[in-house]
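**Student:** Questions regarding the structure given below will be posed in turn.
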Ligand code: GDP
Ligand code: IMO
Ligand code: MG
């Protein structure tokens with residue numbers, strides 16, 4: 169019986185999970201997504217060629233790795249089919265849970281309408297329909313991939329759902345799908361996806377029993393978790409490691425090493441509290457050096473300094489065994505690098521994440537910068553100041569930093585002790 173290795177984002181998403189999943193997929197047989205939808209955008213660069221993945225697990229770029237999309241995911245058939253086109257046949261390499269919920273175009277319309285109505289209180293969602301698809305799931309009015317096997321029945325159920333909610337949808341400006349068009353779409357989805365739809369829970373149990381090497385790929389980040397993030401400025405799924413069990417049908421005992429992914433600084437896209445945000449020159453420079461523009465929506469990401477308080481919280485909540493510190497090269501050339509080491513909250517210094525992160529003021533320590541780390545592949549070659557920065561972060565967050573990434577390229581990755 170093998171244990172599944174888990175990768176989770178420790179900040180507000182976009183930490184560089186895709187690069188590390190791809191790196192680790194080279195030594196794993198299966199890569200499995202357990203939460204989120206096509207709000208995720210995972211960029212992988214191999215020999216200068218860039219791939220953007222949203223729903224297909226980042227193991228797909230390794231020809232020997234098989235890919236599972238678990239029941240915890242909300243899957244847009246339209247977007248999934250589009251994403252599949254970049255790859256050759258995926259038969260035998262891709263398995264989609266029959267219990268994953270279907271995200272349809274009206275979910276995106278509802279998402280966008282609600283955001284518009286919220287005005288300056290908007291969450292800044294990706295507008296992809298993630299919240300409404302999970303809301304339907306929890307309200308027990310959603311539909312699962314298994315239902316694609318019977319398009320007529322599904323089209324009828326969706327039509328009835330629109331009849332019941334007609335007044336609400338009309339007020340929001342959400343169009344009622346035309347029955348014939350809907351049915352034609354569902355038939356098309358069935359044709360493209362049915363070969364991949366199966367009971368992935370049984371499959372997970374089988375592959376773990378067969379001692380296969382299994383990697384679980386988190387999406388989003390800890391601070392976007394529906395329970396543990398900066399609610400309501402969060403996504404609608406459980407992004408922390410606990411979500412991997414529910415989202416794939418495995419038990420906590422099936423989990424092996426947990427690798428947490430964090431940038432050497434911090435970013436956030438969308439609205440909501442971000443204590444260590446830098447709204448000045450340093451933030452602009454991080455955005456420019458780090459190409460901090462969203463993979464999914466192209467929006468500029470808000471940038472700031474590494475937040476060691478939020479990171480300690482994330483390390484504990486996810487049971488992180490080791491951290492991969494990404495984008496160290498983006499800090500190259502900074503004279504001074506700040507780290508948020510505590511918060512001031514109600515006139516006191518605190519070292520934990522309180523109920524409302526909006527109310528805190530960051531307390532910084534300053535570190536000396538270095539010239540260049542770009543493309544370095546061994547720890548010994550790193551500048552002493554960069555080594556000192558890494559050692560200081562390790563001491564603050566309570567987990568070893570065992571992987572350090574120095575460029576988007578697959579090979580520019582330091583694995584300590586290897
Ligand atoms: P994910 O959502 O966590 O998979 O991360 P994204 O792919 O959305 O964002 C991370 C971005 O940083 C991508 O464009 C990566 O190619 C890039 N990236 C990853 N690691 C490094 C690194 O070490 N240095 C630099 N400069 N870029 C990196
Ligand atoms: P990856 O997997 C960064 C953010 C959105 C918004 C909030 C809610 O690439 O790290 P949603 O559309 O999910 O309802 O939006 O969550 N968000 C992400 N931010 N990376 C992501 O995924 C994200 N997925 C959602 O910007 O603030
Ligand atoms: Mg991303």
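Residue numbers (my numbering): 169 to 586. From the three backbone atoms N, C-alpha and C, an ideal C-beta is built for every residue, glycine too. Model, not experiment: these values are computed from the prediction.
1) Exposed or buried, residue 362, counting other C-beta atoms within 10 Å across all chains shown (16 or more means buried)?
2) Apart from the five residues just before and just after residue 222, which ones in its own chain have a Cβ nearer than 7 Å to its Cβ?
3) Between which two residues does the beta strand (DSSP E) containing residue 355 stretch?
4) Are the CB atoms of residue 177 and residue 407 within a distance shorter than 9 Å?
5) State yes or no: is the C-beta of residue 463 nearer than 8 Å to some heavy atom of the ligand GDP?
6) Can you list, in chain order, the residues of its chain with a C-beta nearer than 6 Å to that of residue 244? Leave out the 5 residues immediately preceding and following it.
7) Quick one: using the 10 Å Cβ neighbour count with 16 as the cut-off for buried, is residue 169 buried or exposed?
8) Under the rule that 16 or more other beta-carbon atoms within 10 Å means buried, what is residue 191, buried or exposed?
9) Residue 557 by DSSP, collapsed to three states: which one?
10) Label residue 544 either buried or exposed according to how many other C-beta atoms from any shown protein chain fall within 10 Å of its C-beta, with 16 as the threshold for buried.
11) May I ask you to list the residues that DSSP assigns as paired with residue 219?
12) Is residue 459 close to the ligand MG? I mean its beta-carbon at under 8 Å from any heavy atom of the ligand.
13) Which residues in the same chain have their Cβ closer than 7 Å to the Cβ of residue 396, if we skip the five residues on either side of it in sequence?
14) Of the choices 285, 495, 315 and 550, whose alpha-carbon is the least far from that of residue 456?
15) In three-state terms, what does DSSP make of residue 481?
16) Who are the near neighbours of residue 520 in its chain, counting only those whose CB is closer than 6 Å to its CB and skipping five residues on each side?
17) Look at the Cβ atom of residue 368, then the Cβ atom of residue 267, and state whether they are nearer than 9 Å.
18) Rounded C-beta distance between residue 500 and residue 471? I'm assuming under 8 Å.
19) From which residue to which residue does the beta strand (DSSP E) around residue 511 run?
20) Is residue 204 buried or exposed, if buried means 16 or more other CB atoms sit within 10 Å of its CB?
21) Answer with buried or exposed for residue 263, where buried requires no fewer than 16 other C-beta atoms within 10 angstroms of its C-beta.
22) Whether or not the segment 296-311 and the segment 321-337 are in contact is what I'm after, with contact meaning three or more pairs of Cβ atoms, one per stretch, closer than 8 Å; do they touch?
23) With a threshold of 8 Å, establish whether the CB of residue 296 neighbours any heavy atom of the ligand IMO.
24) Are there 16 or more other CB atoms within 10 angstroms of the CB of residue 497, so buried, or fewer, so exposed?
25) Which residues in the same chain as residue 340 place their Cβ atom closer than 6 Å to its Cβ, once the five residues preceding and following it in sequence are excluded?
26) So for residue 431, helix, strand or coil by DSSP?
27) Please go through the segment 265-328 and give each complete alpha helix (DSSP H) segment of 4 or more residues, from N-terminal end onward.
28) DSSP state of residue 224, grouped into three classes?
29) Look at residue 426 and residue 476 and say whether their C-beta atoms are less than 9 Å apart.
30) Consider the C-beta atom of residue 208 and the heavy atoms of the ligand MG; say whether any pair is separated by less than 8 Å.
31) So for residue 192, helix, strand or coil by DSSP?
32) Can you give the Cα-Cα distance for residue 526 and residue 539, rounded to whole angstroms?
33) Check whether the Cβ of residue 417 lies closer than 8 Å to any heavy atom of the ligand GDP, and answer yes or no.
**Tutor:** With the structure as the only source:
1) Looking at its Cβ environment, which holds fewer than 16 other Cβ atoms inside 10 Å, residue 362 is exposed.
2) Cβ-Cβ distances below 7 Å link residue 222 to 206, 208, 209, 247, 251 and 464 in the same chain, with the five nearest sequence neighbours on each side left out; the list follows chain order.
3) For residue 355, no beta strand (DSSP E) segment is defined; the enclosing uninterrupted segment is the alpha helix (DSSP H) at 347-361.
4) Yes.
5) Residue 463: yes, Cβ under 8 Å from the ligand GDP.
6) Cβ neighbours of residue 244 beyond the five flanking positions: 206 and 271.
7) In this structure residue 169 is exposed. Its beta-carbon is surrounded by fewer than 16 other beta-carbon atoms within 10 angstroms.
8) The residue is buried, with at least 16 neighbouring Cβ atoms inside 10 Å.
9) Three-state DSSP puts residue 557 in a helix.
10) Burial call: buried.
11) Looking at the DSSP output, residue 219 sits in a beta bridge with 212.
12) When distances are taken from the beta-carbon of residue 459 to the heavy atoms of the ligand MG, even the shortest one reaches 8 Å or more.
13) Here the set comprises 390, 408 and 485.
14) When each option's Cα is compared against that of residue 456, the closest is 495.
15) DSSP places residue 481 in helix when its eight states are reduced to three.
16) Here the set comprises nothing.
17) Closer than 9 Å, so yes.
18) Contact flag wrong, Cβ pair sits at about 15 Å.
19) Per DSSP, residue 511 belongs to the beta strand (DSSP E) from 504-513.
20) It counts as buried.
21) When all chains shown are included, residue 263 counts as buried.
22) Taking a cut-off of 8 Å for Cβ pairs, the segment 321-337 and the segment 296-311 touch, as three or more such pairs fall below it.
23) It does: the Cβ of residue 296 is within 8 Å (strictly closer) of some heavy atom of the ligand IMO.
24) It is buried - the Cβ of residue 497 has at least 16 other Cβ atoms within 10 Å.
25) Closer than 6 Å at Cβ, skipping near neighbours: 281.
26) Assigned with DSSP and collapsed to three states, residue 431 falls in strand.
27) Residue ranges of uninterrupted alpha helix (DSSP H) with 4 or more members, entirely inside the segment 265-328 and ordered along the chain, are 273-286 and 298-306.
28) Residue state, collapsed to three classes: coil.
29) It is not a contact, given that the beta carbons lie outside the stated cut-off.
30) Within 8 Å of the C-beta of residue 208 there is at least one heavy atom belonging to the ligand MG.
31) Under the three-state reduction of DSSP, residue 192 is assigned to helix.
32) Straight-line Cα distance between these residues: approximately 34 Å.
33) No - the ligand GDP has no heavy atom lying nearer than 8 Å to the Cβ of residue 417.
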